[in-house]
Ligand SMILES: Cc1ncc(C[n+]2csc(CCOP(=O)(O)OP(=O)(O)O)c2C)c(N)n1
Ligand code: SF4
Ligand code: SF4
Ligand code: SF4
């Protein structure tokens, strides 16, 4: 029998709840492959936010905790404090991580809490109908910026770069894009290994697609993603030379 | 016929035009001097599930656009049956697409049933995209709207969607055809246009592939990403009512990209 899914996907809950062509599901697939490769199914505890990430509440064969909007990081950190041997992964949208939950993410980075945060940046508040997010790029049309995002709302927010400023040098902080699933897998592996081997904080932003709210077909979704890739920088954000954290 | 108040539930698959059918039905009633409401049903549990719309038509005031019991239910796909169950009373007329839904399945949940082989006529005569207009014809006729008025009103509402004269003409024919379909009572068409959800297997000497219509949502990302054009948009529809891809196993180079991308775990090819 040919396998079409990672082994740790809960087959009984498929088809899942994400829209046709959703980037979240493609990213959750790479995460699944990584957990299969590293044989971590028994060790992982998965924490999800409010936003489309919540649609993953029954996605995998491992335990998943549904938190409040923006509060995924502290809940995951609390769990890690109680069970330091478990591999703790927080998963959220850009609204959850950079808007309502930014201070939670910043403080986890500042304290160098040994958890892995995966943030899916689809550049909008997808679950609530495609409103402008801090990550929405200039001039983009959303339901709350019908004539395009104006300068007064700021440029697209660069989260990993911001977090790097206060994070420990041991922390792994990077941005990848869903257009390159192999690179996503490599980055997720590195992030998880940072937690397990270095007992340090790791943060990975993954640029993603949202065909429903950006109203794109398969081709259009990836064209838009290319635009996002040229606006945001892809790669690891290394510690600054002068820092002594 | 529209009574003092007529409560209608529309249920089908995303992509079948359920919401358009419901909205235009309400607009037609308003054009006739009735009060009418239309509201789509949204909810987390609704994601990836069937598409549902509430319509109320009344001579009096409508206080709330949702309801628990329906006078009429129009159901267009088998998968929506579980969602309409709770709206059925012994007096509800269930109008179903008899070319995709088995009469025996409808009779498990409803007593007053009326069939119309909508998918059969849409697919064989006009193309899948004309399905909503054909169903509008059926419903418009059932509710007693005048045939010529029906097209005028529908055209007014949907003209921006008709991108060419040809499409407009096709839709007009589908609507008029729908209005003339003789509704089935007791004797129903065969449900021969039901989506086949069995796995599609492909095989040659070097490799074997699988496509799962029961999971595929028809996003066509695999088609977009296949580097050698071995995948293409097929003509069959899957569980979600969307066209599923077709695989040319001879062209395939077993690169694994389709499996890596498919958000729904619905495709894979492996070396034998
Ligand atoms: C405390 C709180 N504020 C606001 C909301 C409403 N809300 C639900 S999802 C969401 C936005 C989610 O966007 P994002 O985090 O980017 O995730 P996406 O849906 O795009 O994946 C908002 C504002 C909420 N549920 N709770
Ligand atoms: S709204 Fe966008 S992000 Fe949310 S499930 Fe649909 S495609 Fe995915
Ligand atoms: S990527 Fe998957 S869900 Fe999308 S069309 Fe291909 S097989 Fe279907
Ligand atoms: S394995 Fe590669 S070549 Fe074969 S169908 Fe999939 S994407 Fe195309």
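Residue numbers (our numbering), protein chains in the order written: chain A, 70 to 314; chain B, 76 to 347. Backbone N, C-alpha and C define an ideal beta-carbon position, used for all residues, glycine too.
Use the C-beta contact count for residue i: other C-beta atoms within 10 angstroms, 16 or more gives buried, fewer gives exposed.
i, result
"residue 287 (chain B)", "buried"
"residue 172 (chain B)", "buried"
"residue 227 (chain B)", "exposed"
"residue 70 (chain A)", "exposed"
"residue 222 (chain A)", "exposed"
"residue 180 (chain A)", "exposed"
"residue 215 (chain A)", "exposed"
"residue 279 (chain B)", "exposed"
"residue 313 (chain B)", "buried"
"residue 303 (chain B)", "exposed"
"residue 269 (chain A)", "buried"
"residue 122 (chain A)", "buried"
"residue 92 (chain B)", "buried"
"residue 207 (chain B)", "buried"
"residue 138 (chain B)", "exposed"
"residue 307 (chain A)", "exposed"
"residue 317 (chain B)", "buried"
"residue 328 (chain B)", "exposed"
What are the start and end residues of the beta strand (DSSP E) that includes residue i?
i, result
"residue 175 (chain A)", "Looking at the DSSP string, residue 175 (chain A) is not in any beta strand (DSSP E); the run it does join, the alpha helix (DSSP H), is 171–180."
"residue 160 (chain A)", "156–162"
"residue 188 (chain A)", "185–190"
"residue 169 (chain B)", "168–172"
"residue 73 (chain A)", "Premise fails: residue 73 (chain A) is in no beta strand (DSSP E) and is neither H nor E."
Using the Cα positions of residue i and residue j, report the straight-line distance between them to the nearest angstrom.
i, j, result
"residue 128 (chain A)", "residue 143 (chain A)", "22 Å"
"residue 120 (chain B)", "residue 154 (chain B)", "Because residue 120 (chain B) carries a pLDDT of 47, less than 50, the predicted location of this residue cannot be relied on, and the following value inherits that uncertainty. Distance between the alpha carbons of residue 120 (chain B) and residue 154 (chain B) is about 14 Å."
"residue 305 (chain A)", "residue 186 (chain A)", "14 Å"
"residue 230 (chain A)", "residue 94 (chain A)", "26 Å"
"residue 297 (chain B)", "residue 336 (chain B)", "7 Å"
"residue 321 (chain B)", "residue 81 (chain B)", "44 Å"
"residue 131 (chain A)", "residue 242 (chain A)", "25 Å"
"residue 76 (chain A)", "residue 217 (chain A)", "42 Å"
"residue 237 (chain B)", "residue 331 (chain B)", "39 Å"
"residue 214 (chain B)", "residue 192 (chain B)", "13 Å"
"residue 178 (chain A)", "residue 272 (chain A)", "8 Å"
"residue 81 (chain A)", "residue 341 (chain B)", "14 Å"
"residue 77 (chain B)", "residue 218 (chain B)", "6 Å"
"residue 293 (chain A)", "residue 101 (chain A)", "25 Å"
"residue 162 (chain A)", "residue 96 (chain A)", "12 Å"
"residue 124 (chain A)", "residue 255 (chain B)", "44 Å"
"residue 78 (chain A)", "residue 189 (chain A)", "19 Å"
"residue 84 (chain B)", "residue 128 (chain B)", "6 Å"
"residue 358 (chain B)", "residue 272 (chain B)", "Here chain B covers residues 76 to 347 and nothing more, so residue 358 (chain B) does not appear."
For chain B, check one thing: does any of its Cβ atoms lie closer than 8 Å to the Cβ of residue i?
i, result
"residue 90 (chain A)", "yes"
"residue 119 (chain A)", "no"
"residue 73 (chain A)", "yes"
"residue 84 (chain A)", "yes"
"residue 94 (chain A)", "yes"
"residue 76 (chain A)", "no"
"residue 287 (chain A)", "yes"
"residue 291 (chain A)", "yes"
"residue 98 (chain A)", "yes"
"residue 87 (chain A)", "yes"
Counting contacts by CB-CB distance shorter than 8 Å, is residue i in contact with chain A?
i, result
"residue 339 (chain B)", "yes"
"residue 294 (chain B)", "yes"
"residue 290 (chain B)", "yes"
"residue 342 (chain B)", "yes"
"residue 335 (chain B)", "yes"
"residue 283 (chain B)", "yes"
"residue 312 (chain B)", "no"
"residue 204 (chain B)", "no"
"residue 317 (chain B)", "yes"
"residue 153 (chain B)", "no"
Mind checking whether the beta-carbon of residue i lies closer than 7 Å to any heavy atom of ligand 6?
i, result
"residue 302 (chain B)", "Of the ligands this structure carries, namely ligand 1, ligand 2, ligand 3 and ligand 4, none is ligand 6."
Span of the alpha helix (DSSP H) holding residue i?
i, result
"residue 268 (chain A)", "Per DSSP, residue 268 (chain A) belongs to no alpha helix (DSSP H) and is neither H nor E."
"residue 293 (chain A)", "287–300"
"residue 242 (chain B)", "240–255"
"residue 277 (chain B)", "Here residue 277 (chain B) belongs to no alpha helix (DSSP H); instead the beta strand (DSSP E) covers 275–278."
"residue 77 (chain B)", "Careful: residue 77 (chain B) lies outside any alpha helix (DSSP H) and carries neither H nor E."
"residue 298 (chain B)", "296–300"
- Task: Could you tell me which uninterrupted beta strand (DSSP E) segments, each at least 3 residues in length, are contained entirely in the region 200–256 of chain A, listed from first to last along the chain?
- Result: Runs of the beta strand (DSSP E) inside the region 200–256 of chain A: 241–246.
- Item | In chain order, each beta strand (DSSP E) run of at least 3 residues that lies wholly inside the region 83–121 of chain B | Every beta strand (DSSP E) stretch that sits fully inside the region 83–121 of chain B and reaches 3 residues is listed by chain position as 110–115.
- Starting from the N-terminal side, write out each stretch of the alpha helix (DSSP H) that is 4 residues or longer and does not extend beyond the region 131–181 of chain B. Within the region 131–181 of chain B, the complete alpha helix (DSSP H) runs of at least 4 residues are 156–159.
- Write down every uninterrupted run of the alpha helix (DSSP H) in the region 83–146 of chain A whose length is 4 residues or greater and which is fully enclosed by it, in chain order. Runs of the alpha helix (DSSP H) inside the region 83–146 of chain A: 92–106.
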